[in-house]
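Take a look at the structure set out below.
In my numbering, the protein residues as written are 2 to 969.
Structure follows, in structure tokens:
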């Protein structure tokens with residue numbers, strides 16, 4: 002018999018899966034056990050058939066029905082030369098295979114493992130328990146239904162008290178068809194071993210609120226409701242909020258949180274005067290009725306759940322563009338019915354933007370750029386040639402005005418002749434075009450930077466609008482409209498209205514160059530935290546899409562917030578500065594914490610831009626340092642494969658200027674992105690992800706590790722780590738970190754492993770959670786070493802601590818945790834949605850007592866001092882200290898607040914009561930890290946006052962205090 006040690010986790014409802022562990026989402030402790038292999042005959046199906054009988058196994062039924070079969074085959078096999086085929090092509094008969102009896106012990110727990118390749122549908126496995134008379138008295142079962150690959154099926158079952166024997170059974174039921182292969186069937190007895198808890202060193206989690214709050218909107222529209230100009234805005238957040246405000250005054254008219262939505266890229270006013278909007282998660286189209294001030298749920302569209310754009314027609318239809326199958330749908334306002342129009346271009350993912358005329362629906366396509374014209378009556382699709390056709394980019398919205406198509410492609414707009422398809426002009430712009438001017442219908446307006454421009458459709462020319470202040474310059478315009486004002490100096494005049502991404506809104510009157518900037522009454526919303534790093538007493542949090550905040554670990558306050566800062570993907574310290582890797586474009590910003598904040602889009606800011614990585618890179622998640630260099634690992638942009646490593650060095654020249662040198666190495670591992678980095682002795686160790694940018698499928702089927710020689714710029718080793726017990730393809734490997742033991746530690750989804758960096762051999766590993774790679778394919782998992790020698794991680798997107806000696810683990814909080822970082826004192830900061838949480842480390846339960854060195858005489862007055870490091874507990878005990886006892890009476894009591902030195906005490910005297918009144922609260926802002934209590938007493942007899950108080954009245958643990966004497 003063979004035995005080896007693995008791990009089990011207990012949960013309220015046992016969830017079984019093929020890997021080594023069962024998990025709970027509660028903070029539970031892993032439990033170690035041994036597996037003792039049982040004698041199961043011919044579990045590898047390598048023994049030769051005897052008269053068509055499979056040694057050690059029986060077919061059920063013995064003579065399979067037509068269309069069913071149980072056979073030994075040579076392909077496919079998991080190992081060896083043979084496997085078992087179970088084939089059920091009958092819709093009325095069942096088929097199965099059962100092992101011969103195996104003797105077992107009642108009350109014990111048993112585990113069956115087998116390798117299963119499901120060709121179609123599923124196969125069910127069982128451990129069946131029988132008594133001495135052959136009657137079935139219990140069973141445990143699991144279904145294998147992952148098609149197209151070998152997966153380990155694991156079944157755990159406890160033998161009833163009457164059980165003496167067991168069988169393994171594989172079964173396909175009547176009523177359907179299935180086909181599967183089975184190999185390497187094994188049965189084990191589990192012998193549970195006691196285990197020591199990993200840690201109980203943290204207090205309850207503390208909610209520090211929403212870290213990054215910004216009124217960011219990706220979609221807005223203007224409309225008129227009963228003569229009032231209204232502005233409709235969806236503010237990004239968790240959840241997003243829909244607003245209706247007075248477009249002229251900004252006054253709040255209506256708002257509603259939208260659970261299930263975090264962002265809406267499209268808000269449109271349709272021909273019925275109502276407002277339609279949609280998000281990117283649930284596929285639902287919503288309708289706001291301005292006259293009734295309420296929102297309707299119009300149900301899930303039949304195309305896809307990620308809705309990029311909505312576009313109304315003049316005849317009562319709404320068209321929607323979706324991802325990831327380039328599908329477009331139609332919604333009929335009159336009937337309330339949806340129609341799926343299907344993919345606009347087969348094989349493409351993005352239907353990113355729409356334009357609608359009476360005859361056509363125009364769709365912007367990505368990842369291979371295309372413009373598709375869809376005939377609304379016939380459904381005929383035609384691809385129109387544009388300057389970037391076939392390139393790895395995405396076409397956005399399309400406007401149709403006066404026989405021209407205005408095709409959006411990032412910061413470019415292509416003007417096309419609608420009838421001939423001729424490309425007339427390329428214009429630099431930002432996101433939105435206005436409808437034609439009511440004053441001159443050949444003019445349309447658009448923004449570029451902080452300037453307003455016009456395009457003359459008759460002359461095919463552009464011109465800058467002069468004599469107006471800068472328009473909002475740092476973000477794109479999200480809505481344009483012409484509205485006739487009801488109030489103010491321009492009442493009765495029709496003006497151009499626009500709103501930028503931070504809801505800053507403006508009016509412009511072309512007749513007199515009047516310009517006004519105003520802000521609607523919408524609340525800033527907490528956006529999901531996208532990057533998190535605790536560095537030198539601060540916690541830096543970057544927001545999804547925009548924004549950054551800085552939290553002070555000591556004061557527990559946010560000390561800085563900037564709503565305009567780009568989306569951070571990674572944050573790292575290098576040479577005392579903080580480096581933000583931002584999306585899009587893999588731009589790196591540097592912040593000097595010794596200087597005031599002054600964010601600028603150049604190298605002069607703090608933070609300011611210091612490096613643009615380029616080379617088609619987009620997302621700088623992975624960063625590490627070593628030998629005075631910063632190493633950055635990136636994921637490429639839309640439609641691209643092949644990440645990169647960028648090596649950065651910087652030094653100050655004689656003029657005090659920072660000189661930066663960088664070198665980018667693309668495709669370190671061909672067609673794979675960089676997911677984790679760790680540096681040691683001139684070598685950069687990396688892990689990859691098979692995923693590239695959005696909009697493209699992976700080319701590789703398995704992630705790799707690599708070793709990069711920094712001096713030569715060459716990869717000297719590329720390999721896939723071998724994890725015992727794990728047989729599937731790895732999709733991502735990272736983060737990585739060298740431990741105090743000199744080993745290279747890493748994460749593969751739910752697997753923790755440690756590797757010898759010289760031999761590349763995995764010397765320790767544990768499958769802690771199911772490793773199915775079903776979470777984000779872009780964000781690495783994180784690990785960080787604590788001062789206590791433990792390893793803190795986001796294994797499988799769960800906040801998990803690992804003991805590197807035993808590989809015991811503990812999940813510290815419930816729920817999904819993508820981001821974590823260790824604070825200065827060992828507390829853990831982590832993100833859940835938009836909120837920053839802290840798992841505070843317990844303060845040492847230590848007390849320092851300063852007492853007079855001599856004994857007290859009768860009626861002598863003297864004082865002793867208590868300095869507490871655990872304020873809460875000591876406050877309770879002092880609060881119960883009586884004024885009178887057999888040894889002394891308390892003259893008075895003083896509570897002071899002390900600095901770490903114990904000096905500069907500010908004394909607060911209590912009121913006279915029967916018990917000492919503890920003034921203040923340990924959670925108040927006026928308390929510092931240490932509290933000093935001064936107790937003035939009058940002795941009733943000769944006493945060693947310190948000991949008496951300590952042992953009899955404070956009832957303190959003698960091992961948790963230190964005694965100091967002073968001269969009285």
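A virtual CB, placed ideally from N, CA and C, is assigned to each residue, including glycine.
Sequence-distant residues of its chain with Cβ nearer than 6 angstroms to residue 443 (five each side left out)
457, 458 and 459
Beta-carbon contacts of residue 262 that lie in its chain and below 6 angstroms, excluding the five residues immediately before and after
Sequence-distant partners of residue 262 (beyond 5 residues in either direction) whose C-beta falls short of 6 angstroms from its own C-beta, in its chain, are 240, 241 and 280.
For the beta strand (DSSP E) containing residue 661, list its first residue and its last residue.
659 to 667
Going by DSSP, which residues form a beta bridge with residue 683?
According to DSSP, residue 683 bridges with nothing at all.
If you measure between the beta carbons of residue 590 and residue 570, is that distance less than 8 angstroms?
no
Mapping DSSP to helix, strand and coil, what is residue 958?
With a pLDDT of 45 at residue 958, under the threshold of 50, the modelled position of that residue is not reliable, and the figure given next carries that caveat. Reduced to three states, the DSSP call for residue 958 is coil.
Please report the straight-line C-alpha distance between residue 167 and residue 173, rounded to a whole angstrom.
20 angstroms
Would you check if the distance between the CB atom of residue 752 and the CB atom of residue 808 is smaller than 8 angstroms?
no
Grab me the residues of residue 465's own chain with a C-beta within less than 7 angstroms of its C-beta, minus the 5 sequence neighbours each way, in chain order.
452 and 454
What is the rounded straight-line gap between the Cα of residue 257 and the Cα of residue 729?
46 angstroms
Cα-Cα separation between residue 673 and residue 708, rounded to whole angstroms:
Going by C-alpha positions, residue 673 is about 15 angstroms away from residue 708.
Beta-carbon proximity of residue 184 to residue 85, cut-off 8 angstroms:
Closer than 8 angstroms, so yes.
Just grab the DSSP bridge partners of residue 363 for me.
Answer is 356 and 374, bridged to residue 363.
Endpoints, beta strand (DSSP E) assigned at residue 568:
558 to 575
Which residues DSSP lists as bridging residue 472, in chain order
In the DSSP output, where bridge partners are listed per residue, residue 472 has none listed.
Compute the beta-carbon to beta-carbon distance between residue 473 and residue 501, rounded to the nearest angstrom, for a pair I have assumed lies under 8 angstroms.
4 angstroms
Please report the distance separating the alpha-carbon of residue 149 from that of residue 113.
For residue 149 and residue 113, the distance between alpha carbons rounds to 22 angstroms.
Can you give the beta carbon distance from residue 175 to residue 94, rounded, assuming they're within the 8 angstroms contact cut?
6 angstroms
Using the rule of at least 16 other Cβ atoms within 10 Å of the residue's Cβ for burial, across every protein chain shown, is residue 632 buried or exposed?
buried
Spatially closest choice to residue 563 from 217, 484 and 628, by CA coordinates
Nearest C-alpha to residue 563: 217.
At the level of alpha carbons, what is the spacing between residue 237 and residue 222?
15 angstroms
Check: residue 41 C-beta below 7 angstroms from any heavy atom of the ligand FMN:
Among the ligands in the structure shown, none appear at all, so the ligand FMN cannot be discussed.
If we call anything under 8 angstroms between Cβ atoms a contact, is residue 306 one with residue 284?
Yes. Within cutoff.
Residue 530 - containing beta strand (DSSP E), residue span:
530 to 536
List the residues that DSSP assigns as beta-bridge partners of residue 266.
Answer is none; residue 266 lacks a bridge partner.
Status (buried if at least 16 other CB within 10 Å, exposed otherwise) for residue 288:
buried
For residue 797, which of helix, strand or coil comes out of DSSP?
helix
Sort 780, 437, 119 and 340 by Cα distance to residue 750 and report the nearest one.
780
First and last residue of the uninterrupted beta strand (DSSP E) at residue 599:
No beta strand (DSSP E) holds residue 599; DSSP gives it neither H nor E.
Proximity winner among 467, 337, 356 and 676, relative to residue 329 (alpha-carbon distances):
356
Are the stretch 697 to 705 and the stretch 666 to 686 in contact at 8 angstroms, needing three or more beta carbon pairs?
yes
Could you give the distance in angstroms between the alpha-carbon of residue 439 and the alpha-carbon of residue 339?
In a straight line, the C-alpha of residue 439 is about 34 angstroms away from that of residue 339.
With C-beta atoms as the reference, is residue 818 less than 8 angstroms away from residue 836?
no
Could you tell me which of 244, 55 and 582 sits nearest to residue 621, measuring between CA atoms?
Nearest neighbour of residue 621 by Cα position, chosen from 244, 55 and 582, turns out to be 582.
Grab me the residues of residue 434's own chain with a C-beta within less than 6 angstroms of its C-beta, minus the 5 sequence neighbours each way, in chain order.
Taken in chain order, the residues that qualify are 400, 407, 445 and 447.
Can you grab the Cα-Cα spacing for the pair residue 52 / residue 685, in whole Å?
If I take the Cα positions, the gap works out to 60 angstroms.
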